[in-house]
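Numbering (this note's numbering), first residue to last: -5 to 456.
Where is the CB? At the ideal position from N, CA and C, for every residue including glycine.
Structure first, then comments.
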Amino acid sequence: MLKRTKIVKLLSSESEQPQVLVKGWVKTRRDAKDFSFVEINDGSCLKNMQVIANNNLPNYEEIKKLTTGSSVAVKGKLVASQGGSQKYEVVAEEIEIYSIAPDDFPLQKKKHSDEFLRTIAHLRPRTNKYGAAFRIRSQLSYAIHKFFQERGFKYVHTPIITGSDCEGAGEMFQVTTLDLNNLPRTADGKIDYSKDFFGKEAHLTVSGQLNGEMYATALGDIYTFGPTFRAENSNTPRHAAEFWMIEPEMAFADIYDDMDLAEDMVRYCVKDIMENCAEDLDLFEKFVDPILKTTLDNIMNNSFARITYSEAIEIMKKSGKKFEYEPEYGIDLQTEHERYLAEEHFKKPVIVRDYPKEIKAFYMKLNDDGKTVAAMDVLVPRIGELIGGSQREDSYDKLVARIKELGMNVEDYGWYLDSRKYGSVPHAGFGLGFERMMMLVTGISNIRDVLPFPRTPKSINF
RNA sequence: UCCGACUUAGCUCAGCGGUAGAGCAAUCGGCUGUUAACCGAUUGGUCGUUGGUUCGAUCCCAACAGUCGGAGCCA
């Protein structure tokens, strides 16, 4: 029984082969005098396999009806191609037609706009560009796991549904099984969540960090890599309501270990994609971002700049550049500031650390100056903030004081504070938006185009 | 959420106060070891929705919806 061979393997074959079985979807068909060229793609790589269908095939009349989007299985000889555009082609001895796509198949043999392809997100992976994007997405996921596993980090599955509404990273989606048309009420008229599935309010996670810290203070070095949900009404090319985040956490580590890890990880992943997805990257350089490989080479071969927040403000003040928001100590860095630093001043990724405590989260470690916290952001050209991380406050008393200072409820953090109560250690970690990394390595400028089925405000088709 | 632009054929767009046009796609035919093949013909649209102004609206006005860009929030 002849087994199917994927096109990526056939095209890298050492020699011609007397009999192969190849299956795929028709990209285009061109009729010649006594035969047809049928180009098929099976998703295993960007390139198609050109099939020669001679008119002596018993179902040749059917073959001539093959349209873009149809599906076939082809048995035949793998031979060197007479045409210049491909190394091999398959001379068909038998073509089984699985399905002929009707003429309303929406993907044409031409370039489509990204906006249109979003309306057919279920079919867009059949295009060259999106096929390439999602092969890279797979490889990039694998690279993330390889990077951490090679360094002894343990992969922790933090919960998707969370009972704490205090993760502090943004608006949350509520999870409930209550009948919204008939809500149970308590005596004082409030919704009675004791009747809900979990007996209390539940939400989709906005970050696995707090849970991750618990496992870091047990397993040492851990990472999470999973979906994250934000109910922010953000309408930008860089935000989605459902996205994937990578959150490593290291016990016995400080902010400098954290920065080293972040830089190593970004450079490792870029290198991995350059090595393993060269053909797909070529497509993005050709059609999406003409300087993509220069940018990636730059990231791979140069160490990141490292400055403090104060230095960043000074650099911008002295730059003479006119900003819409004037840089001033105490304000958070605006998108324009981040991009100036990475794109114009340093012309490479830059890590900014030691931010004023007022503009950062409660769990970050207070520096000795009493004014700044050991936070760090990795800013990269074109994307802006790629990574946000910090050394965590490991002093029980200081953390409680900070929670109170911010008017938050200490009782809500009981289990989290236990990590500071029992064997507290210095530890640090960061969060990396996976889709932003995808945008970095592909040059794709809209987050909706690096998610298979993107979820954004007012958009949840498919 | 705020600011701005846009919404006309399957796709990309043009157009104009008197009910619409191109290229590509599709269909049919021709030619051909072709490469998003080529040549010819044909088909295809209640101009985003709802109101208003007007003798008459795809065109002017308003509201709404959606899309895109910028900002904020952040990853």
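Check whether the Cβ atoms of Phe147 and Ile216 lie closer than 8 Å to each other.
Position 153 of the first sequence, counted from the start, is the residue given in the question as residue 147. Position 222 of the first sequence, counted from the start, is the residue given in the question as residue 216. Yes; because the gap between Cβ atoms is below 8 Å, this pair is in contact.
If we require 4 or more residues per run, which alpha helix (DSSP H) segments fall completely within the region 230 to 276?
Segments of the alpha helix (DSSP H) lying fully in the region 230 to 276: 249 to 270.
When burial is assigned at 16 or more other CB atoms within 10 Å of the CB, is Ile155 buried or exposed?
Position 161 of the first sequence, counted from the start, is the residue given in the question as residue 155. Label assigned to Ile155: exposed.
Leaving out the 5 sequence neighbours to the left and right, which residues in its chain are closer than 6 Å to Arg23 when beta-carbon positions are compared?
On the first sequence, position 29 is the one that residue 23 refers to. Excluding sequence neighbours, Arg23 sits near Ser30, Val32, Leu60.
Nearest to Lys365 by alpha carbon, out of Pro350, Pro375, Asp412?
To locate residue 365, count along the first sequence from 1; it is residue 371. Closest option to Lys365, Cα to Cα, is Pro350.
For a test of the three-state rule: what should DSSP assign to Arg333, helix, strand or coil?
Locating residue 333 in the first sequence gives position 339, counting from the first residue. Three-state DSSP puts Arg333 in a helix.
Measure the C-alpha to C-alpha separation of Ser439 and Met431 and round it to an integer number of angstroms.
Against the first sequence, residue 439 aligns to sequence position 445. Against the first sequence, residue 431 aligns to sequence position 437. Distance between the alpha carbons of Ser439 and Met431 is about 11 Å.
Which runs of the beta strand (DSSP E) fall wholly inside the region 403 to 428 and span at least 3 residues, in chain order?
421 to 427, all fully within the region 403 to 428.
Sorted by chain position, which residues of the same chain lie with C-beta nearer than 6 Å to Met358's C-beta, five sequence neighbours on each side aside?
Reading the first sequence from its first residue, position 364 is the one you call residue 358. Around Met358: Val367, Ala369, Ser384.
Nearest by alpha-carbon distance to Tyr407: which of Leu400, Glu399, Val394 is it?
Locating residue 407 in the first sequence gives position 413, counting from the first residue. The shortest C-alpha separation from Tyr407 is found at Val394.
Going by alpha carbons, who is nearest to Thr199 out of Gly220, Gly183, Glu207?
On the first sequence, residue 199 is found 205 positions in, with the first residue counted as 1. The shortest C-alpha separation from Thr199 is found at Gly220.
Assuming Lys69 and Glu87 are in contact, meaning their beta carbons sit under 8 Å apart, how far apart are those beta carbons, in whole angstroms?
Walking along the first sequence from the start, residue 69 turns up at place 75. Walking along the first sequence from the start, residue 87 turns up at place 93. Between Glu87 and Lys69 the Cβ distance is about 6 Å, and since that is below 8 Å, they are a contact.
Please report the Cβ distance between Leu15 and Lys3, rounded to the nearest whole angstrom; I am assuming they are in contact, meaning their Cβ atoms lie under 8 Å.
Here the question's residue 15 lines up with position 21 in the first sequence. Here the question's residue 3 lines up with position 9 in the first sequence. In fact, because the Cβ distance is near 12 Å, the residues do not count as touching under 8 Å.
Could you check whether Gln13 and Lys71 sit closer than 8 Å to each other, using their CB atoms as the reference points?
On the first sequence, position 77 is the one that residue 71 refers to. On the first sequence, position 19 is the one that residue 13 refers to. In this structure, Gln13 lies closer than 8 Å to Lys71 by Cβ.
Using the Cα positions of Pro52 and Asn122, report the straight-line distance between them to the nearest angstrom.
Here residue 52 refers to the residue found at position 58 when the first sequence is read from its first residue. Here residue 122 refers to the residue found at position 128 when the first sequence is read from its first residue. Pro52 and Asn122: Cα-Cα distance of roughly 32 Å.
Report the option in Ala245, Ala115, Lys311 whose CA atom is closest to the CA atom of Pro420.
For the purposes of this step, residue 420 is identified with residue 426 of the first sequence, where counting begins at 1. The option with the nearest alpha carbon to Pro420 is Ala245.
Look up Asn50 in the DSSP assignment and say whether it is helix, strand or coil.
Within the first sequence, the letter at position 56 stands for residue 50. Here Asn50 sits in coil by DSSP.
For Tyr323, which three-state DSSP category applies?
Counted from its first residue, the first sequence places residue 323 at position 329. Tyr323 falls in the coil class under three-state DSSP.
For Thr436, which option in Lys287, Tyr390, Glu8 has the closest C-alpha, if you only look at C-alpha atoms?
One-based indexing of the first sequence puts residue 436 at position 442. For Thr436, the nearest C-alpha among the options comes from Lys287.
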